[in-house]
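Have a look at the structure below, then the notes.
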Amino acid sequence: MERAFLKYNNKPVIIFRVDDKIAVINNDDPVYFDQNLYEQVDAYFVTNKLLDIGSFQQKKVKALFPHYPINILPLYLKLFNLSLIKYLKLKVLAREIYILLRRPSYREYHLKTEKDNYIFFTASIWKKEAETNNIRAEFIRYCKQDARINFEGGFIPRSDGNNFDFEDELNEKKYTPKAFSKLSKKSKIVLNNPAVYGAVSWRLAEYLNQSLFVLSFPFKIELPIPLNHEKDIYYIENTNDYGKVFDKVLNSSDFHKKIAGNGKRYFSKYCTPEAQAKYVVNAIFE
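All letters in the sequence shown, in the order written, are residues 779 to 1064 by this note's numbering.
Okay, here's the thing in structure tokens:
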């Protein structure tokens, strides 16, 4: 490890060298830009390249394809080995190991678009994201009232007890990341809503990998190659359109199969670890 970058230990960034080029992958959640780090590298990759923030439009900033958190504990321990004990407090290291163990292991799922009329959706209630809360609440309400749908889920109650009047949309059951992944995979339709500060939900890439029909609100970020409406994904701008989309999906297996299948093919072409690594290395030398 180079001393100039030691302050970034255990931060959500990867700093690495390829030949004579230094690059960084900024994977911060929800959104953060480090101008000082940007100045020191040749390429600055970001998970969420926001369209309306000037710092993300600088020349060396490059967008990443959708991706999601997985359990990489063996790689983590092998890569950093004894440095983990040297640079991290035991409490911090224990927390990192706990977080990794709770995540699902990575696998590239087989293309399988056949789904029952089951929908699983659960999410947090965010304190400062009223728009996202309402989008999620309306989705929960719609799924509950549509007799064609077998719905499971709801909002996770907030620890501070302030559920912002979403009492009817609450679900007392909590799901581990592994259970969330397993139940999502069964869903006929999944919702990709705007995340904090306009970021894209972590779940998007996993949904694509699982051959799911993704219903999404327009992105506020740039992707290296866009997901196209009614080809790879289905975009809406208003919650009033939920019913229209559900009618189209439930009344036409071909419509559902086309978008779910194309989304999976997008993931397999651009979003696998191998594809992302190749893209990153090539982009460094552009």
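Even for Gly, the Cβ is constructed at its ideal location relative to N, Cα and C.
Inset, instruction - Have a look at L860 and E950 and give me their C-alpha separation to the nearest angstrom. - result: Distance from the CA atom of L860 to the CA atom of E950, rounded to whole angstroms, is 41 Å.
Inset, instruction - Return yes when the Cβ of A801 is within less than 7 Å of the Cβ of L1001, no when it is not. - result: Not in contact: L1001 and A801 (Cβ atoms no closer than 7 Å).
Legend entry - A977, DSSP secondary structure in three states: In the three-state scheme derived from DSSP, where H, G and I count as helix and E and B as strand, A977 is classed as coil.
Inset, instruction - Return the CA-CA distance between Y887 and L961, expressed in angstroms with no decimal places. - result: One C-alpha to the other measures close to 14 Å.
Inset, instruction - Write down the C-beta distance between P847 and R881 rounded to the nearest angstrom, noting that I regard them as a contact closer than 8 Å. - result: In this structure, P847 and R881 form a Cβ contact; the two beta carbons are roughly 5 Å apart against a cut-off of 8 Å.
Legend entry - Neighbourhood of I863 by C-beta distance below 8 Å, restricted to the same chain and skipping five residues each side: Taken in chain order, the residues that qualify are L871.
Inset, instruction - Starting from V809, follow the beta strand (DSSP E) in both directions and report where the run begins and ends. - result: Run containing V809: none; DSSP gives neither H nor E here.
Inset, instruction - Report the residue from C921, P790, K922 and Y822 whose alpha carbon sits nearest the alpha carbon of E874. - result: Closest by alpha carbon: P790.
Legend entry - Whole-angstrom distance between Y816 and I967, CA atom to CA atom: Near 39 Å, if we compare the C-alpha coordinates of Y816 and I967.
Inset, instruction - Apply the 10 Å Cβ neighbour rule to K869 and answer buried if 16 or more other Cβ atoms are within range, or exposed otherwise. - result: So K869 ends up on the exposed side.
Inset, instruction - Could you please give the first and the last residue of the uninterrupted beta strand (DSSP E) stretch that includes K951? - result: Unbroken run through K951: none, as it is neither H nor E.
Inset, instruction - On a CA-only basis, which of K893, Y884 and R781 is nearest E1052? Give me that one, please. - result: The shortest C-alpha separation from E1052 is found at Y884.
Legend entry - DSSP state of G832 mapped onto helix, strand, coil: Looking at G832 - three-state DSSP - the assignment turns out to be helix.
Inset, instruction - On a CA-only basis, which of D812, V819, Y810 and D807 is nearest D797? Give me that one, please. - result: Residue V819 is the option with its Cα nearest to D797.
Legend entry - Exposure of Y920, with buried meaning 16 or more beta-carbon neighbours within 10 Å: When all chains shown are included, Y920 counts as buried.
Inset, instruction - With DSSP as the reference, please indicate the residues paired to T900 in a beta bridge. - result: DSSP lists G932 as the beta-bridge partner residues of T900.
Legend entry - Segments of 4+ residues assigned as alpha helix (DSSP H) that fall wholly inside the stretch 979–1018: Segments of the alpha helix (DSSP H) lying fully in the stretch 979–1018: 981–987.
Legend entry - Delimiting residues of the alpha helix (DSSP H) encompassing A1038: Residues S1031 to Y1044.
Inset, instruction - Kindly indicate the opening and closing residues of the alpha helix (DSSP H) around A915. - result: Annotation: the continuous alpha helix (DSSP H) that includes A915 extends over A908 to Q923.
Inset, instruction - Between the Cα of F1045 and those of T910, I1011 and L853, spot the shortest distance and give me the residue it belongs to. - result: The shortest C-alpha separation from F1045 is found at I1011.
Inset, instruction - Assign T1152 to buried or exposed, taking buried as 16 or more other Cβ atoms, counted over all protein chains shown, within 10 Å of its Cβ. - result: It is not possible to answer for residue 1152, since the shown part of the chain is limited to 779 through 1064.
Legend entry - L829 Cβ short of 6 Å to the ligand SAH heavy atom set: Inclusion of the ligand SAH in the displayed structure is not the case, the ligand content being empty and no account of it being possible.
Inset, instruction - Let me know the secondary structure DSSP gives K1047 once reduced to three states. - result: In the structure shown, the three-state DSSP call for K1047 is helix.
Legend entry - Cβ separation of F899 and Q1054, assumed to be a contact under 8 Å, to the nearest whole Å: About 27 Å separates the beta carbons of F899 and Q1054, which is beyond the 8 Å limit, so they are not a contact pair.
Legend entry - CA-to-CA distance, Y854 to D1056, given in whole angstroms: A small fix is needed here, since residue 1056 is Lys in this sequence, not Asp. Counting only the Cα atoms, Y854 lies some 21 Å from K1056.
Inset, instruction - Give the range of the beta strand (DSSP E) segment to which V969 is assigned. - result: The amino acid at residue 969 is misidentified as Val; the sequence shows Leu. From DSSP, the beta strand (DSSP E) with L969 extends over I967 to N970.
Inset, instruction - For my contact list, E1008 and F995 are in at a C-beta cut-off of 8 Å; report their separation, rounded to the angstrom. - result: Contact doesn't hold; Cβ gap of about 15 Å is too wide.
Legend entry - N-terminal and C-terminal residue of the beta strand (DSSP E) that F794 is part of: Note, F794: beta strand (DSSP E), V791 to V796.
Inset, instruction - Use the C-beta contact count for I1003: other C-beta atoms within 10 angstroms, 16 or more gives buried, fewer gives exposed. - result: Taking every protein chain shown into account, the CB of I1003 has fewer than 16 other CB atoms within 10 angstroms, so this residue is exposed.
Legend entry - Option nearest N912 by Cα separation, candidates D943, S937, G939 and A925: When each option's Cα is compared against that of N912, the closest is D943.
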